[in-house]
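Student: Residue numbers (the working numbering), protein chains in the order written: chain R, 38 to 351; chain B, 38 to 351. My questions will all concern the structure given below.
Protein chains: 2
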Amino acid sequence: MEIIEKVLKADARAIAKTISLIENNSSRTQSILKELYPHTGNAFILGVTGPPGAGKSTLVDKLAELIRKQEKTIGIIAIDPTSPFSGGAILGDRIRMQRHSTDPGIFIRSMATRGHLGGLSRATNDAITVLDASGKDIIIIETVGVGQDEVEIVNTAHTSIVVLTPIMGDDIQTIKAGIMEIADVFVINKADKGDYRRLEVDLKNMIEQFSREDGWEAPIVATVAIKDTGLEELLQKIYSHREYILKQDLLKYKAKIRSQMQLMDLIKELALQKICSISLSPEVLEQHLEKIVARESDPYSAAEDIIAAFLKHS
Amino acid sequence: MEIIEKVLKADARAIAKTISLIENNSSRTQSILKELYPHTGNAFILGVTGPPGAGKSTLVDKLAELIRKQEKTIGIIAIDPTSPFSGGAILGDRIRMQRHSTDPGIFIRSMATRGHLGGLSRATNDAITVLDASGKDIIIIETVGVGQDEVEIVNTAHTSIVVLTPIMGDDIQTIKAGIMEIADVFVINKADKGDYRRLEVDLKNMIEQFSREDGWEAPIVATVAIKDTGLEELLQKIYSHREYILKQDLLKYKAKIRSQMQLMDLIKELALQKICSISLSPEVLEQHLEKIVARESDPYSAAEDIIAAFLKHS
Numbered sequence: 038m039e040i041i042e043k044v045l046k047a048d049a050r051a052i053a054k055t056i057s058l059i060e061n062n063s064s065r066t067q068s069i070l071k072e073l074y075p076h077t078g079n080a081f082i083l084g085v086t087g088p089p090g091a092g093k094s095t096l097v098d099k100l101a102e103l104i105r106k107q108e109k110t111i112g113i114i115a116i117d118p119t120s121p122f123s124g125g126a127i128l129g130d131r132i133r134m135q136r137h138s139t140d141p142g143i144f145i146r147s148m149a150t151r152g153h154l155g156g157l158s159r160a161t162n163d164a165i166t167v168l169d170a171s172g173k174d175i176i177i178i179e180t181v182g183v184g185q186d187e188v189e190i191v192n193t194a195h196t197s198i199v200v201l202t203p204i205m206g207d208d209i210q211t212i213k214a215g216i217m218e219i220a221d222v223f224v225i226n227k228a229d230k231g232d233y234r235r236l237e238v239d240l241k242n243m244i245e246q247f248s249r250e251d252g253w254e255a256p257i258v259a260t261v262a263i264k265d266t267g268l269e270e271l272l273q274k275i276y277s278h279r280e281y282i283l284k285q286d287l288l289k290y291k292a293k294i295r296s297q298m299q300l301m302d303l304i305k306e307l308a309l310q311k312i313c314s315i316s317l318s319p320e321v322l323e324q325h326l327e328k329i330v331a332r333e334s335d336p337y338s339a340a341e342d343i344i345a346a347f348l349k350h351s
Numbered sequence: 038m039e040i041i042e043k044v045l046k047a048d049a050r051a052i053a054k055t056i057s058l059i060e061n062n063s064s065r066t067q068s069i070l071k072e073l074y075p076h077t078g079n080a081f082i083l084g085v086t087g088p089p090g091a092g093k094s095t096l097v098d099k100l101a102e103l104i105r106k107q108e109k110t111i112g113i114i115a116i117d118p119t120s121p122f123s124g125g126a127i128l129g130d131r132i133r134m135q136r137h138s139t140d141p142g143i144f145i146r147s148m149a150t151r152g153h154l155g156g157l158s159r160a161t162n163d164a165i166t167v168l169d170a171s172g173k174d175i176i177i178i179e180t181v182g183v184g185q186d187e188v189e190i191v192n193t194a195h196t197s198i199v200v201l202t203p204i205m206g207d208d209i210q211t212i213k214a215g216i217m218e219i220a221d222v223f224v225i226n227k228a229d230k231g232d233y234r235r236l237e238v239d240l241k242n243m244i245e246q247f248s249r250e251d252g253w254e255a256p257i258v259a260t261v262a263i264k265d266t267g268l269e270e271l272l273q274k275i276y277s278h279r280e281y282i283l284k285q286d287l288l289k290y291k292a293k294i295r296s297q298m299q300l301m302d303l304i305k306e307l308a309l310q311k312i313c314s315i316s317l318s319p320e321v322l323e324q325h326l327e328k329i330v331a332r333e334s335d336p337y338s339a340a341e342d343i344i345a346a347f348l349k350h351s
């Protein structure tokens, strides 16, 4: 297919179009993704998360500029959590795109997939496949760390940054263990505001107390992204973590975890598709729903019955 | 089972324990939920969503107090999106619980389910089943409207409130059509701050321009929840919408939509469970993952193969 050739040649319009097909859950995507997949596995995937207002977009943009100076190509997927309420991200996306529009080495896209068939984590994984196949050296997944899908997505990156600020009243006492497993590098952004020292000390204590399964001890980097402060150090720490996972042979392990999550998502969706097309006709579904609503049945028993009927049928 | 009897008698500890079983994806939940389901269908489900900082928790608490004065019992499920970053919600939960602790007619619980088996929307639906079976008259689902799961959850309520404020720079121009379908009642909270009139006028224009499929025109209510202002009017508008869906015979339709979403979730999870227990042994899965990571296969083809193998097997 022409579109596949173009994606492999890093054609920005073909990449954008393919990601749109993914978002719209087009029937064409499966075959395109199959063709692209053998060309993947080379990109370094960086997750960036943190509470709203931590300055993630600016940090990612500045980091991208720095990476571009090192002659590396970048793909950015910004997951837009506020999309039902505002077009802010899409607007922001355009502004961000314009800033980099003269540079073919950088591709930025925001995603806000809705709907039941597919879901955000599947769509994001598929978009990573596209960017990876297009030869991007580094893929940054940027997300507000809210909502379970978003956290799962960041969890699948090679290296994950958690961005905090001293001004938001992020009481460190309340940060949960979950974030300690996710954060490979802590960033205290807007470090020139608020009580930076206190956050740093608290964070250090927490990192020391928490021993991670993989043995990595997350460094803390102070940045003021808007003033270009601390970004080189941050990039160094990111590369240090990358070195660490390479040395510890964790890259393959991480790739496997990511593939397993992706595979489980795909199996569920495909199984549902099969069931709906083979044994769960709209009429049969309607009968089940009528019974459930009338409390003559319940969704838990109905699901069991539907799967049993499917297995008899096939 | 003793726990079922206790839930049906609205025993708060039994309700809390059952919801914990759901969160932990315990093997016991399925049979408990089946027993509880016939006792459901009586509660009125109210969804409350809006961007962070809109004052949703306070609004919900005040609304709950008002509803309690009408001798109705309430269950509140607060979906905590910031949980990976802070224990704030759980802390807030305790404070909120204490405020109502002398009142057995109100049950508050925050949920922050993680993990792949189940997911937030399934867990929330199951928690609704428990509260509904316990005889709560009104169930409020409170969520920050970020993340796709959260929006889907609110979408399944009988009546959904969208809470905005004049101070947050919610440029109305950027509110998307999606929110117009969700919002049965618009609340402008913190109406004593910022440019209330402008937001109201903009919102009105938008509501007028947008014709909803169900014919309902969403009212706008100004509130200052913290000062108990506008809450009675809000409750009236909520009941008006409830009347509307009753009159238009939309209640059954809404129940069906909710049941369908729940059923699809359950079918997917159950199908995956079956596949894993029958034909996808850890060894076979490992082989697939090895091939995927080595780029000898891809997740899309592997998912197809796994389902084909399952169908042969069963």
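Here a beta-carbon is modelled for each residue, glycine too, at the ideal position from N, C-alpha and C. No experiment lies behind these values; they were computed from the predicted model shown.
Mapping DSSP to helix, strand and coil, what is Ser197 of chain R?
Tutor: Correct three-state label for Ser197 of chain R: strand.
Student: Assuming contact is defined by CB atoms lying nearer than 8 Å, are Ile41 of chain R and Glu60 of chain R in contact in what I supplied?
Tutor: Cβ distance not < 8 Å, so Ile41 of chain R and Glu60 of chain R don't count as in contact.
Student: When DSSP labels each residue in this structure, what does Asp207 of chain B get in the three-state scheme?
Tutor: Model confidence at Asp207 of chain B stands at a pLDDT of 48, short of 50, so the residue's coordinates are unreliable and nothing is read from them.
Student: For Ser171 of chain R, which beta-bridge partners are listed by DSSP?
Tutor: The partner list for Ser171 of chain R (beta bridge, DSSP) is empty, contrary to what the question assumes.
Student: Using 8 Å as the threshold, is the C-beta distance between Ile225 of chain B and Ala259 of chain B below it?
Tutor: In this structure, Ala259 of chain B lies closer than 8 Å to Ile225 of chain B by Cβ.
Student: In chain B, what lies closer than 7 Å to Leu348 of chain R by C-beta?
Tutor: The contacting residues are Ser351.
Student: Where Asp265 of chain R and Ala164 of chain R are concerned, what is the direct C-alpha to C-alpha distance, given to the nearest angstrom?
Tutor: The straight-line gap from Cα to Cα measures roughly 29 Å.
Student: If we cut at 8 Å on Cβ distances, does Val78 of chain R have a partner in chain B?
Tutor: Checking the sequence shown, residue 78 of chain R turns out to be Gly, not Val. It does: the Cβ of Gly78 of chain R has a partner Cβ on chain B nearer than 8 Å.
Student: Taking Cβ-Cβ distances below 8 Å as the criterion, which residues of the stretch 290 to 305 of chain B are in contact with chain R?
Tutor: For the stretch 290 to 305 of chain B, which is checked against every Cβ of chain R, the residues closer than 8 Å are Ala292, Lys293, Ser296, Gln297, Met298, Gln299, Leu300, Met301, Leu303, Ile304 and Lys305.
Student: Tell me Gly84 of chain B's beta-bridge partners as DSSP assigns them.
Tutor: Paired residues: B:Ile178 and B:Ser197.
Student: Please check the pair Ile177 of chain R and Ile111 of chain R, which I expect to be a contact at CB under 8 Å, by giving their CB distance rounded to whole angstroms.
Tutor: Contact flag correct, Cβ pair sits at about 7 Å.
Student: With a 10 Å radius around its C-beta and 16 neighbouring C-beta atoms as the bar for buried, classify Thr196 of chain B as buried or exposed.
Tutor: So Thr196 of chain B ends up on the buried side.
Student: Which runs of the beta strand (DSSP E), 3 residues or longer, sit entirely within the stretch 227 to 273 of chain R?
Tutor: Qualifying beta strand (DSSP E) stretches, in chain order: 257 to 259.
Student: Smallest Cα separation from Asp140 of chain B: which of B:Ala53, B:Glu108 and B:Lys293?
Tutor: Checked all of B:Ala53, B:Glu108 and B:Lys293; the closest Cα to Asp140 of chain B is B:Glu108.
Student: Using the rule of at least 16 other Cβ atoms within 10 Å of the residue's Cβ for burial, across every protein chain shown, is Phe81 of chain B buried or exposed?
Tutor: When all chains shown are included, Phe81 of chain B counts as buried.
Student: Along chain R, in chain order, which residues have C-beta atoms closer than 8 Å to that of His325 of chain B?
Tutor: The contacting residues are Leu300.
Student: Using CA atoms only, rank isn't needed, just tell me which of R:Ser171, R:Glu179, R:Ala115 and R:Thr86 is closest to Arg50 of chain R.
Tutor: Of R:Ser171, R:Glu179, R:Ala115 and R:Thr86, the residue nearest in Cα terms is R:Ser171.
Student: What are the boundary residues of the alpha helix (DSSP H) that Ser94 of chain B is part of?
Tutor: Start and end: Lys93 to Lys106.
Student: Could you give the C-beta distance for Tyr337 of chain B and Gln297 of chain R, rounded to a whole number, given that I count them as a contact under 8 Å?
Tutor: Wrong, their Cβ atoms sit about 14 Å apart, outside the cutoff.
Student: Answer with yes or no whether the minimum CB distance from Pro75 of chain R to chain B is below 8 Å.
Tutor: Yes, because at least one Cβ of chain B sits closer than 8 Å to the Cβ of Pro75 of chain R.
Student: Run through the DSSP bridge pairs and tell me what Leu147 of chain R is partnered with.
Tutor: A quick correction: the sequence has Ser, not Leu, at residue 147 of chain R. Paired residues: R:Ala115.
Student: Starting from the beta carbon of Glu341 of chain R, find every residue of chain B whose beta carbon is closer than 8 Å, and list them in chain order.
Tutor: By Cβ distance, chain B contributes Leu307.
Student: Quick check on Leu154 of chain R: buried or exposed, where buried means 16 or more other Cβ atoms within 10 Å of its Cβ?
Tutor: Residue placement at Leu154 of chain R is poorly supported in this model, since its pLDDT is 42, which falls under 50; the coordinates still yield a value, given next. Exposed, by the Cβ-count rule.
Student: Rounded to whole angstroms, what's the CA-CA distance from Glu250 of chain B to Leu287 of chain B? Just pull it up for me.
Tutor: Approximately 12 Å, taken between the alpha carbons.
Student: Would the beta-carbon of Asp286 of chain B be found less than 7 Å away from any heavy atom of the ligand ZN?
Tutor: The model depicted lacks the ligand ZN and carries no ligand whatsoever.
Student: Between Thr202 of chain B and Ala91 of chain B, how many whole angstroms is the CB-CB distance? I'm expecting something under 8 Å.
Tutor: Yes, Thr202 of chain B and Ala91 of chain B are in contact; Cβ-Cβ is about 5 Å, under 8 Å.
Student: Is the Cβ of Leu45 of chain R closer than 8 Å to any Cβ of chain B?
Tutor: No, its Cβ sits nowhere closer than 8 Å to a Cβ of chain B.
Student: Whole angstroms is fine: what's the gap from Ser147 of chain B's alpha carbon to Glu39 of chain R's?
Tutor: One C-alpha to the other measures close to 50 Å.
Student: For Lys71 of chain B, would you say it is in contact with chain R, using Cβ-to-Cβ distances shorter than 8 Å as the test?
Tutor: Judged by the 8 Å Cβ criterion, Lys71 of chain B is in contact with chain R.
Student: Which residues mark the beginning and the end of the alpha helix (DSSP H) in which Pro295 of chain B is found?
Tutor: It is worth fixing the name first, because residue 295 of chain B is Arg in this sequence and not Pro. Note, Arg295 of chain B: alpha helix (DSSP H), Leu287 to Ile315.
Student: Looking at C-alpha atoms only, which residue of R:Gln299, R:Tyr281 and R:Glu327 is the closest neighbour of Tyr74 of chain R?
Tutor: Among R:Gln299, R:Tyr281 and R:Glu327, the Cα nearest to that of Tyr74 of chain R belongs to R:Gln299.
Student: Look up Ile225 of chain B in the DSSP assignment and give the residues it is bridged to.
Tutor: According to DSSP, Ile225 of chain B bridges with B:Leu201 and B:Ala259.
Student: Identify the continuous alpha helix (DSSP H) that holds Tyr74 of chain B and give its terminal residues.
Tutor: First-last for Tyr74 of chain B: undefined, no H or E at that position.
Student: Does the beta-carbon distance from Ala292 of chain B to Val97 of chain R come in below 8 Å?
Tutor: Their beta carbons are not under 8 Å apart, which means Ala292 of chain B does not touch Val97 of chain R by this criterion.
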